[in-house]
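Engineer: Each residue of the sequence shown is one higher than the last, beginning at 67 in my numbering.
Built from N, CA and C at the ideal position, the CB exists for glycine as well.
This one's a predicted model, so the numbers in the text were calculated from it and none came from an experiment.
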Amino acid sequence: MKSLFSEAKLGNLTLKNKVVMAPMTRSRSIGNVPGEIVATYYEQRAEAGLIVTEGTSPSPNGLGYARIPGIFSEEQTNAWKKVTDKVHAKGSKIFVQLMHTGRIGHELNLPKGAKVLGPSAILAKGQMWTDTDGMKEHSTPKEMSKAELKETIEEFVLASKNAIKAGFDGVELHAANGYLLEQFLHPTSNQRTDEYGGSIENRIRFILEVATAVSNAIGKEKTAIRLSPYGAFNDLFPFPETHDEYSLLAEKLNEIGIVYIHLVDHSSMGAPKVEPETVQNIRKAFKGTLILSGGYDAERADKDLSSGHADLVAFGKPFLANPDLVTRFQKNIPLVSFDQTTLYTADEKGYIDYPLAS
Numbered sequence: 067m068k069s070l071f072s073e074a075k076l077g078n079l080t081l082k083n084k085v086v087m088a089p090m091t092r093s094r095s096i097g098n099v100p101g102e103i104v105a106t107y108y109e110q111r112a113e114a115g116l117i118v119t120e121g122t123s124p125s126p127n128g129l130g131y132a133r134i135p136g137i138f139s140e141e142q143t144n145a146w147k148k149v150t151d152k153v154h155a156k157g158s159k160i161f162v163q164l165m166h167t168g169r170i171g172h173e174l175n176l177p178k179g180a181k182v183l184g185p186s187a188i189l190a191k192g193q194m195w196t197d198t199d200g201m202k203e204h205s206t207p208k209e210m211s212k213a214e215l216k217e218t219i220e221e222f223v224l225a226s227k228n229a230i231k232a233g234f235d236g237v238e239l240h241a242a243n244g245y246l247l248e249q250f251l252h253p254t255s256n257q258r259t260d261e262y263g264g265s266i267e268n269r270i271r272f273i274l275e276v277a278t279a280v281s282n283a284i285g286k287e288k289t290a291i292r293l294s295p296y297g298a299f300n301d302l303f304p305f306p307e308t309h310d311e312y313s314l315l316a317e318k319l320n321e322i323g324i325v326y327i328h329l330v331d332h333s334s335m336g337a338p339k340v341e342p343e344t345v346q347n348i349r350k351a352f353k354g355t356l357i358l359s360g361g362y363d364a365e366r367a368d369k370d371l372s373s374g375h376a377d378l379v380a381f382g383k384p385f386l387a388n389p390d391l392v393t394r395f396q397k398n399i400p401l402v403s404f405d406q407t408t409l410y411t412a413d414e415k416g417y418i419d420y421p422l423a424s
């Protein structure tokens with residue numbers, strides 16, 4: 067598998083291999099600050115050429131889940147510095163994923179004064195865990211005012227600047243999996259009648275404004291995005307204009323010049339398969355690096371890399387219980403299964419206690 071394990075260029079960076087650790091929420095950041103076990107977790111998995119962190123909120127308003135980290139305060143920024151130092155010491159690169167949960171949240175998980183926000187005041191079906199009251203229905207979001215849209219863009223910019231201060235090599239804007247940025251893309255969650263709703267051009271406007279502002283603040287070579295067309299997560303589903311919308315979005319992101327698009331296919335988890343024509347359009351329109359993820363094993367990843375279908379391939383679940391995933395791939399060592407019951411608990415069990423292959 068010469069392609070998977072060979073070096074790669076990512077903007078101005080050189081990656082030691084083409085294996086990417088995908089972002090995965092683990093809910094270990096007590097008080098929304100990543101502690102020592104978070105630093106250990108990423109250090110253990112630094113065989114990957116590139117690590118993308120779990121979703122990290124740019125704002126108090128975006129902390130919809132219990133115990134997810136933020137990067138909007140000085141304390142959080144300093145804590146992330148310990149993570150980036152340990153990952154860099156192992157020769158890997160690391161981007162922080164900026165995830166504003168938007169309407170996927172509950173007020174009980176937010177700090178005092180924070181609000182559940184969305185493009186429109188439309189409740190998302192489903193429940194989420196709160197540490198105080200257990201499972202609760204999502205909170206109905208407040209429709210974002212023009213002032214709140216501007217404030218949120220400024221929060222993404224500040225978080226991106228904090229990320230660079232913390233030593234991250236870049237930021238990945240989370241516009242997938244049903245969170246705030248993707249909520250603007252969908253006519254079911256975005257029923258605005260202003261310039262941010264209605265047409266495809268209007269629905270992609272907020273994402274493009276965020277990407278432009280972040281690129282201007284930290285550099286386009288340090289700005290990236292994750293997309294999930296045809297996803298079926300957090301009460302958002304494919305719609306008739308999905309292909310046209312994501313094709314146009316890729317064109318506009320290419321004009322901004324961001325460093326990569328991370329395209330995730332959730333069909334291995336039961337969602338509709340991403341239409342090949344949509345992937346081809348994105349590949350054709352976007353001249354930067356394309357990362358593909360979703361249900362990959364090493365053999366399929368190497369095949370897509372060798373054919374030019376992708377530039378890098380991201381692995382999620384295999385990294386949970388296999389911190390030395392690259393070594394296991396290289397030496398054909400069987401993978402360990404992860405413990406489903408400890409995915410989102412608060413301590414070391416099922417987090418940093420998975421052993422390396424003997």
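Threonine 122: buried (16+ other C-beta within 10 angstroms of its C-beta) or exposed?
Structural biologist: Label assigned to threonine 122: buried.
Engineer: Only counting the same chain, and skipping five residues up and downstream in sequence, which positions put a Cβ closer than 6 Å to that of phenylalanine 272?
Structural biologist: Hits under 6 Å: Phe250, Tyr262.
Engineer: Between Leu116, Arg133, Ile170, which has its C-alpha nearest histidine 154's C-alpha?
Structural biologist: Measuring from the Cα of histidine 154, the nearest candidate turns out to be Leu116.
Engineer: Following the continuous beta strand (DSSP E) through histidine 240, name the residue where it begins and the one where it ends.
Structural biologist: Run containing histidine 240: 236-241, per the beta strand (DSSP E) assignment.
Engineer: Would you mind sorting proline 135 into buried or exposed? The rule is 16 or more other CB atoms within 10 Å of its CB.
Structural biologist: Its Cβ being crowded by 16 or more others within 10 Å, proline 135 is buried.
Engineer: Within 10 Å of its beta-carbon, does serine 403 have 16 or more other beta-carbons around it, so buried, or fewer, so exposed?
Structural biologist: With fewer than 16 Cβ atoms within 10 Å of its Cβ, serine 403 is classed as exposed.
Engineer: In whole angstroms, give me the CA-to-CA distance for asparagine 98 and glutamine 142.
Structural biologist: Going from the Cα of asparagine 98 to the Cα of glutamine 142 covers about 8 Å.
Engineer: Using the rule of at least 16 other Cβ atoms within 10 Å of the residue's Cβ for burial, across every protein chain shown, is threonine 80 buried or exposed?
Structural biologist: Flag for threonine 80 reads exposed.
Engineer: Can you tell me whether DSSP reads serine 265 as helix, strand or coil?
Structural biologist: Looking at serine 265 - three-state DSSP - the assignment turns out to be coil, as it is neither helix nor strand.
Engineer: Look at glutamine 163 and glutamate 217 and say whether their C-beta atoms are less than 8 Å apart.
Structural biologist: No.
Engineer: Can you tell me whether aspartate 363 is buried or exposed, with buried defined as 16 or more other CB within 10 angstroms of its CB?
Structural biologist: The residue is exposed, with fewer than 16 neighbouring Cβ atoms inside 10 Å.
Engineer: Measure from the alpha carbon of isoleucine 357 to the alpha carbon of each residue in Glu343, Gly374, Glu341, then state which is nearest.
Structural biologist: Checking every option, the nearest Cα to that of isoleucine 357 belongs to Gly374.
Engineer: Asparagine 127 and leucine 183 look like a contact to me (Cβ under 8 Å); what is the Cβ gap, rounded to whole Å?
Structural biologist: That pair is a contact at about 5 Å.
Engineer: Which word fits alanine 213, buried or exposed, when buried means at least 16 other C-beta atoms lie within 10 angstroms of its C-beta?
Structural biologist: The residue is exposed, with fewer than 16 neighbouring Cβ atoms inside 10 Å.
Engineer: Given glutamate 196, which residues of its chain have a CB within under 8 Å of its CB, disregarding the five upstream and five downstream residues?
Structural biologist: Residue 196 is actually threonine in this sequence, not glutamate. Around threonine 196: Ala132, His172, Leu174, Asn175, Lys202.
Engineer: Among all the DSSP beta bridges, which residues are the ones paired with glutamine 163?
Structural biologist: DSSP output for glutamine 163 lists Gly121, Glu238 as bridge partner(s).
Engineer: Would you report the Cα separation of alanine 180 and aspartate 419, rounded to the nearest angstrom?
Structural biologist: For alanine 180 and aspartate 419, the distance between alpha carbons rounds to 34 Å.
Engineer: Per DSSP, phenylalanine 381 forms a beta bridge with which residues?
Structural biologist: Its beta-bridge partners are Met87.
Engineer: Using 8 Å as the cut-off, can you tell me whether the segment 321-333 makes contact with the segment 281-301, which would need three or more C-beta pairs spanning the two stretches below that distance?
Structural biologist: These segments touch.
Engineer: Taking threonine 246 as the reference, which of Ser334, Asn78, Met165 has the closest Cα?
Structural biologist: The residue asked about is misnamed: residue 246 is leucine in this sequence, not threonine. Of the candidates Ser334, Asn78, Met165, the one whose C-alpha sits nearest the C-alpha of leucine 246 is Met165.
Engineer: Residue range of the alpha helix (DSSP H) that serine 372 falls in?
Structural biologist: Residues 364-372.
Engineer: Report the residue from Ala88, Met335, Asn144, Leu386 whose alpha carbon sits nearest the alpha carbon of glycine 233.
Structural biologist: Among Ala88, Met335, Asn144, Leu386, the Cα nearest to that of glycine 233 belongs to Asn144.
Engineer: Less than 7 Å between C-beta atoms, sequence neighbours within five positions excluded: which residues of the same chain meet that for alanine 423?
Structural biologist: The answer, listed in chain order, is Asp390, Thr393, Arg394, Ile399.
Engineer: Only counting the same chain, and skipping five residues up and downstream in sequence, which positions put a Cβ closer than 8 Å to that of leucine 65?
Structural biologist: As displayed, the chain neither begins before 67 nor continues past 424, which places residue 65 out of reach and without an answer.
Engineer: Tell me the DSSP bridge mates of valine 392?
Structural biologist: Its beta-bridge partners do not exist; DSSP assigns none.
Engineer: Compute the distance between the beta-carbons of lysine 152 and alanine 229, then report whether it is under 8 Å.
Structural biologist: No. Outside cutoff.
Engineer: Grab me the residues of alanine 367's own chain with a C-beta within less than 6 Å of its C-beta, minus the 5 sequence neighbours each way, in chain order.
Structural biologist: Leu70, Val379, listed in sequence order.
Engineer: At 4 residues or longer, and completely inside the segment 331-360: list those alpha helix (DSSP H) runs for me, N to C.
Structural biologist: Qualifying alpha helix (DSSP H) stretches, in chain order: 342-351.
Engineer: Tell me whether lysine 339 is buried or exposed, calling it buried when 16 or more other Cβ atoms sit within 10 Å of its Cβ.
Structural biologist: Answer is exposed; the Cβ neighbour count stays below 16.
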